[in-house]
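Q: Chains as they are written, first to last, in our numbering: chain A, 338 to 578; chain B, 338 to 578; chain C, 338 to 578; chain D, 338 to 578; chain E, 338 to 578; chain F, 338 to 578.
Before I ask anything, here is the structure I am working with.
Protein chains: 6
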Amino acid sequence: MTAVRRPSGRPADAMRVVSLETGVNKYAEGACLARFGDTHVLCTATVESRVPSWMKGSGRGWVTAEYGMLPRSTDERTDREAARGRQGGRTLEIQRLIGRALRAVTRLEALGEVQIKLDCDVLQADGGTRTAAITGGYVALAQACRHLQAIKAITEWPLTDHVAAVSCGLYRGMAVTDLDYAEDSTADADANFVMTGAGALVEVQATAEGATFSETELMQLLALARKATGELVEAQRRAIG
Amino acid sequence: MTAVRRPSGRPADAMRVVSLETGVNKYAEGACLARFGDTHVLCTATVESRVPSWMKGSGRGWVTAEYGMLPRSTDERTDREAARGRQGGRTLEIQRLIGRALRAVTRLEALGEVQIKLDCDVLQADGGTRTAAITGGYVALAQACRHLQAIKAITEWPLTDHVAAVSCGLYRGMAVTDLDYAEDSTADADANFVMTGAGALVEVQATAEGATFSETELMQLLALARKATGELVEAQRRAIG
Amino acid sequence: MTAVRRPSGRPADAMRVVSLETGVNKYAEGACLARFGDTHVLCTATVESRVPSWMKGSGRGWVTAEYGMLPRSTDERTDREAARGRQGGRTLEIQRLIGRALRAVTRLEALGEVQIKLDCDVLQADGGTRTAAITGGYVALAQACRHLQAIKAITEWPLTDHVAAVSCGLYRGMAVTDLDYAEDSTADADANFVMTGAGALVEVQATAEGATFSETELMQLLALARKATGELVEAQRRAIG
Amino acid sequence: MTAVRRPSGRPADAMRVVSLETGVNKYAEGACLARFGDTHVLCTATVESRVPSWMKGSGRGWVTAEYGMLPRSTDERTDREAARGRQGGRTLEIQRLIGRALRAVTRLEALGEVQIKLDCDVLQADGGTRTAAITGGYVALAQACRHLQAIKAITEWPLTDHVAAVSCGLYRGMAVTDLDYAEDSTADADANFVMTGAGALVEVQATAEGATFSETELMQLLALARKATGELVEAQRRAIG
Amino acid sequence: MTAVRRPSGRPADAMRVVSLETGVNKYAEGACLARFGDTHVLCTATVESRVPSWMKGSGRGWVTAEYGMLPRSTDERTDREAARGRQGGRTLEIQRLIGRALRAVTRLEALGEVQIKLDCDVLQADGGTRTAAITGGYVALAQACRHLQAIKAITEWPLTDHVAAVSCGLYRGMAVTDLDYAEDSTADADANFVMTGAGALVEVQATAEGATFSETELMQLLALARKATGELVEAQRRAIG
Amino acid sequence: MTAVRRPSGRPADAMRVVSLETGVNKYAEGACLARFGDTHVLCTATVESRVPSWMKGSGRGWVTAEYGMLPRSTDERTDREAARGRQGGRTLEIQRLIGRALRAVTRLEALGEVQIKLDCDVLQADGGTRTAAITGGYVALAQACRHLQAIKAITEWPLTDHVAAVSCGLYRGMAVTDLDYAEDSTADADANFVMTGAGALVEVQATAEGATFSETELMQLLALARKATGELVEAQRRAIG
């Protein structure tokens, strides 16, 4: 297995260069430009006083996400979803995932009746956009919570832990961390792991398109993910300050 | 843990009564009414000579799926997606999952340039509709392949194995098999496993809404799923005959 | 005229085997699987406390219907309306007809401000789906009214009579009852009759695509419809019990 | 019954003032502004060389119709369907009816592979817009056929007869001709009759919203319609010249 | 420049025959059929008691416009926007322009919380539909204001001046007034001017598709527009009476 | 007039700090991040071999544009157009303008049958997004033309001149250059000027919402625009290199 060389030349357990840049939007209550190598996702958090209608009067808040890709974030231009008149299945699936991931570490009752909306827009895509969105989205969410604290809209800190995500996969039979597009498009299996700062699992989505994988392989991927999310949580801490 | 009693009274590792009834549609090339207890999903397979445009000339076929729920398949009536004018994110996510699961055991090059479309329509829902759809969809798919064989449109058997799916979860801290709605709506974590007849993994989707789970718990759920999908594959064999 | 033989071999005035099966849905306030031969329509009735906005405060209720076809209910697969993003003209026309037919025998003021929604979903189509939907929809509606009576939401019985429907037509010049698809697709004229238990007319829709018909022929079709709806009303009585 | 007075003061068997004005559009191959009293419908016929895809290569033509209402054609402004993003059920139902009516008198094989599209736009509505549309649409269609003849695109006259339509109904128990809005909105039953110049029936749509009607009453309405469509056919002859 | 002859033979500074006909709709609070030569636009004004939600409680009113074209208002039939399911960019752009133009001469605070909706529907198009819509729309708006005055819904006259519009352009290098379609489709530059009765500018939209124009040319077009809108304002005065 | 102070403190004829940054997208054939102060628009150019169907076989190319705003590019979050299912009128109007502006300096016949699509996505909005989009879009377009030249797809340089745009307006009666949001939202009139490097006019869109302006004021705005677009063209030259 030592003979397999990743297209990027990275070791099997090495993430791409990660950067979580804040201060990138003058309006939003929270904002983070998450870069995993050439994958760039701009995440903003908006605090809204209006919760979904089915939550009204519950005294609890909500955290939700929307996801989009700029048309030329991809190698071949992708049609604009606004022009096509509907969001595709992949978009809806990803934004549901981001929302679940962030809610897993949020005590909604501590927010009061407030909704925090995360917009995750991909400026450039090179694999792993959803995991970058979750990781950067957490930073924007934390900033928005700080804002709520600063204006005394909340009294308790609503986040119970960090949450970060990484995609690992089987590339030519080898378990590798943080797939880029060159790896992702030829991988036998691809698994997204969402984990907390404490190392608990929030979500596992392991998929083998046209292939299968074993329990042992799943465990290998999980071990890689644990190491990588640990590093991402460190980067989040530095970004939030 | 022995103190936890499931709402249905089932043992932790017991599926609901499963029935895979064939001969339920006079037109389709394959058809199966899959029942997991009170969850009833009508699966039909349609053979079309037209493949998606990006496959034309490739000499390979395609397998895809659509999913829908009748409005009163649920306890509270759900608005008809045709009337709302769009399929929701959950629908799109499920039909993508069904398609991937079935393609994982299909050698597309053995189909020739033919598309097989699985329609999975939920007549009654009581949890686990997507796993019933995959399990029954496989039966309809196998019948459609038989049909292609009978009319000599294919020369090799295109399916490499069975594929079946089950949802397991943590109910009051206990790992249990085949969640029904009463369990699903209060479960701490919910995991869908798609597995082949040989026990290989095709897809794992483990989710904790507002909670987390450990690696050990994931392994427990996987063990339950392995046993359950083994039983489902047996039921598929009997149905296909 | 004695020389004309129907594809099914039925006498001119004979309906297909009719079955109105109840107890087919565990959630709905009323449910009936109506079978006219190979035409199978699942009808459910849902009681909603919310009436259309233009009726609010009127003290009266409303009865409405939605209609859909499963994609492979037809010989050739029909695209899913939810996927196409809109209900076609035929669908809208049929569901308006079903609603009008059922309201014709309902005293809306006796319902209170309650809406009863009939969902009529075609599982298998072999001609006459709209007439099966009306006939089975009435059974589901009656069950929903019983439910309202049982929970003491209404004090008077709101239905003034039965309502049932049948399609008759001119097949090779001969007036025949209950057209199946083989007849319908080649008929010179096709007429849907909606009638009450007392034999009064609720709706007549007689159409000649690419042909015409005479007043005498219309009367012949009406006579056949009177006999057939009489039988359907009997079947309804047995189903409701 | 002699005591019933119509809101307009018209005798039971009298139509409103009818006018079928031609020469009202400088571009269309046929055009007629049909006025039934205060109901004004602008009908244009467009000849297109492109037939629907399912007719290609058949050597036959097609006649179809579209229907619309200007927002302030009605007493209360109606929302623009283009702004709402979809045509309502009533619109689709009416334009299907107009198309069927006109095709009933057209030998499609005599048209060659040509489509004639009738646009029927209601400038002002006072009841009976669909019957005015059919009656005026026939005039526009006949002009378009003349145009095809003039340019020698066809060799045989493709229309087999006139077709005209009128709405009759039961107003306070009395059968009356050509309902205007004041009558239509309170009528017990409303029937649209489409008839040929020879008096044959093309379509009967008789509806009782919240009521029923008898066979005898249907016959009375039919007799009135026969007289009225006879007059309309005369008006068509004068318009076409 | 004297050698250039306009297709219509008109002098450079001559408008087409203009007619602003009132009394063309029995329901609307204001109505005007504006004809600029063969361009015919039916404008109706509707008074609604409901203002847009963002204006509620402001004590001010609103004036807005919708624009549409009948399918055969054009030489080649244009698809119906209601059938396509969305209004095109050109339509939206034009109706925004009409609304802004009319609001420029309306004191919204004098209307009270009332919305006036102008519907401008093109019956026949031969260039300049938007300028005819603004010019005729003003007449309908003024009538609607008279109506509000008559029913004592307003106490002050809300219109501060007339507003009218004309399209001028560079045709074969010559500045000409009121482009018809033959000129518009080959013009080097096309400018729409919206002006008040006092000669003030409300809107200038000068466009050169595939070309450019100079400041001097812009001034020439403006001078032509000033003369033409003066004539249009006179026609408005006569129409309003 | 000297007493009027702009919110930003800028002199009347001073633009905000302008930056046209290239190298901001690794996939696109051309890319420029245009910054006019706090207004940031990411412009990418995509070369496609497919032209619109109405151009096929013409031997000419096409240049078109799409425009979008990230939801939190604005002070209050704006709903995502992809989620709403349609692009608004403002979006369509702006993207039509950008396309016209760029085509005005492109010889389409020199492109061959190639389409260049400009995507202009607003990352942060503070007034003047459409003018920044045109100015930055030109840079991306020029890079895409260089790319076509480099791969020898074209032999002649297809751009005839630069094109740039600026918004000027009347702020408290004073003509000022490059309105930011604080000025734009309270300006009496707002005019967008699109000009070439040679100073010719491509498009003038001058609008007075709820007010009017004089010919003299229009000339003042035009003089300011001439100076500003001259500076922008210089910045383009430096960016293109």
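Glycine included, C-beta positions come from ideal geometry on N, C-alpha and C.
Quick caveat, the model's predicted, so the values are computed rather than measured.
Per DSSP, what kind of secondary structure is residue 407(B) in: helix, strand or coil?
A: Note: residue 407(B) maps to coil in three-state DSSP.
Q: When you compare the CB of residue 423(F) with every CB in chain A, is at least one pair closer than 8 Å?
A: yes
Q: Whole alpha helix (DSSP H) runs in the segment 520-549 of chain F with 4 or more residues, listed along the chain?
A: none
Q: Alpha carbon to alpha carbon, what distance is there between residue 471(F) and residue 567(F)?
A: Going from the Cα of residue 567(F) to the Cα of residue 471(F) covers about 14 Å.
Q: Check for me: the beta strand (DSSP E) holding residue 318(E) runs from which residue to which?
A: Only positions 338 to 578 of chain E appear in this structure, which leaves residue 318(E) out of reach.
Q: Can you give the beta carbon distance from residue 573(E) to residue 476(E), rounded, assuming they're within the 8 Å contact cut?
A: 6 Å
Q: Using a beta-carbon distance cut-off of less than 9 Å, what residues from the segment 536-557 of chain B approach chain A?
A: Flagged, chain order: 536, 537, 538, 539, 540, 541, 542, 543, 544, 545, 546, 547, 548, 549, 550, 551, 552, 554, 555, 556.
Q: At the level of alpha carbons, what is the spacing between residue 346(B) and residue 464(B)?
A: 16 Å
Q: Quick one: what does DSSP say residue 493(D) is sitting in, helix, strand or coil?
A: coil
Q: Can you name the residues that DSSP bridges to residue 461(E)?
A: 377(E)
Q: What residues in its chain sit with their C-beta under 6 Å from that of residue 498(B), if we drop five residues either side in the sequence?
A: 442, 533, 534, 535
Q: Taking 8 Å as the threshold, find out whether the segment 474-494 of chain F comes into contact with the segment 520-534 of chain F through three or more Cβ pairs.
A: The answer is no - the segment 520-534 of chain F does not touch the segment 474-494 of chain F, with fewer than three Cβ pairs under 8 Å.
Q: So, at 6 Å on beta carbons, what are the nonlocal neighbours of residue 542(C) in its own chain, with the 5 sequence-adjacent residues on each side left out?
A: 529
Q: Find the residues of chain B that neighbour residue 365(C), judging by a C-beta separation of less than 9 Å, and give them in chain order.
A: 409, 414
Q: Quick one: list the residues of chain A neighbouring residue 401(B), beta-carbon separation under 8 Å, in chain order.
A: Here the premise fails: no neighbours, minimum Cβ distance about 12 Å.
Q: What residue does the alpha helix (DSSP H) around residue 570(A) start on, and which one ends it?
A: 552-577
Q: For the segment 433-448 of chain F, list every residue whose C-beta sits within 7 Å of some C-beta in chain E, in sequence order.
A: 433, 437, 440, 441
Q: Indicate the three-state DSSP secondary structure (helix, strand or coil) for residue 366(F) in the structure shown.
A: coil
Q: Going by CA-CA distance only, name the one from 379(A), 374(A), 363(A), 399(A) that's closest to residue 388(A).
A: Closest option to residue 388(A), judged by alpha-carbon separation, among 379(A), 374(A), 363(A), 399(A): 399(A).
Q: Just to make sure I have the definition right: I need the residues of chain A whose C-beta is within less than 7 Å of the C-beta of residue 405(F). Which are they?
A: The answer, in chain order, is 417, 419.
Q: So is residue 394(B) buried or exposed if we call it buried at 16+ other beta carbons inside 10 Å?
A: exposed
Q: Determine the burial state of residue 556(A): buried for a count of at least 16 other Cβ atoms within 10 Å of its Cβ, exposed for fewer.
A: exposed
Q: Is there a C-beta anywhere in chain E that falls below 8 Å from the one on residue 472(D)?
A: Output row for residue 472(D): interface = no.
Q: Assuming residue 506(C) is part of the beta strand (DSSP E), what are its boundary residues?
A: Per DSSP, the unbroken beta strand (DSSP E) holding residue 506(C) starts and ends at 500-508.
Q: Measuring alpha carbon to alpha carbon, tell me which residue in 512(C), 401(C), 576(C), 526(C) is nearest residue 451(C).
A: If we check each option's Cα against that of residue 451(C), 401(C) comes out closest.
Q: For residue 540(E), which of 537(F), 538(F), 552(F), 539(F) has the nearest alpha-carbon?
A: 552(F)
Q: Just by C-beta distance, which residues in the segment 347-377 of chain F are closer than 8 Å to chain A?
A: 362, 363, 364, 365, 368, 375
Q: Using a cut-off of 9 Å between C-beta atoms, extract the partners of residue 454(B) located in chain C.
A: 408, 409, 414
Q: Please classify residue 418(E): does DSSP put it in a helix, a strand, or coil?
A: helix
Q: Strictly under 8 Å for the Cβ-Cβ distance: is residue 429(E) near chain F by that measure?
A: yes
Q: What does the Cβ neighbour count give for residue 436(E), buried or exposed, with the cut at 16 atoms within 10 Å?
A: buried
Q: Is residue 390(F) helix, strand or coil when you go by DSSP?
A: Helix at residue 390(F).
Q: Residue 356(B) bridges to which residues according to DSSP?
A: Beta-bridge analysis with DSSP links residue 356(B) to 372(B).
Q: Note down the Cα distance separating residue 554(D) from residue 512(D), rounded to an integer number of angstroms.
A: 7 Å
Q: Using a Cβ-Cβ cutoff of less than 8 Å, which residues in the same chain neighbour residue 411(B) once the five nearest sequence positions on both sides are dropped?
A: 462
Q: Quick check on residue 548(A): buried or exposed, where buried means 16 or more other Cβ atoms within 10 Å of its Cβ?
A: exposed
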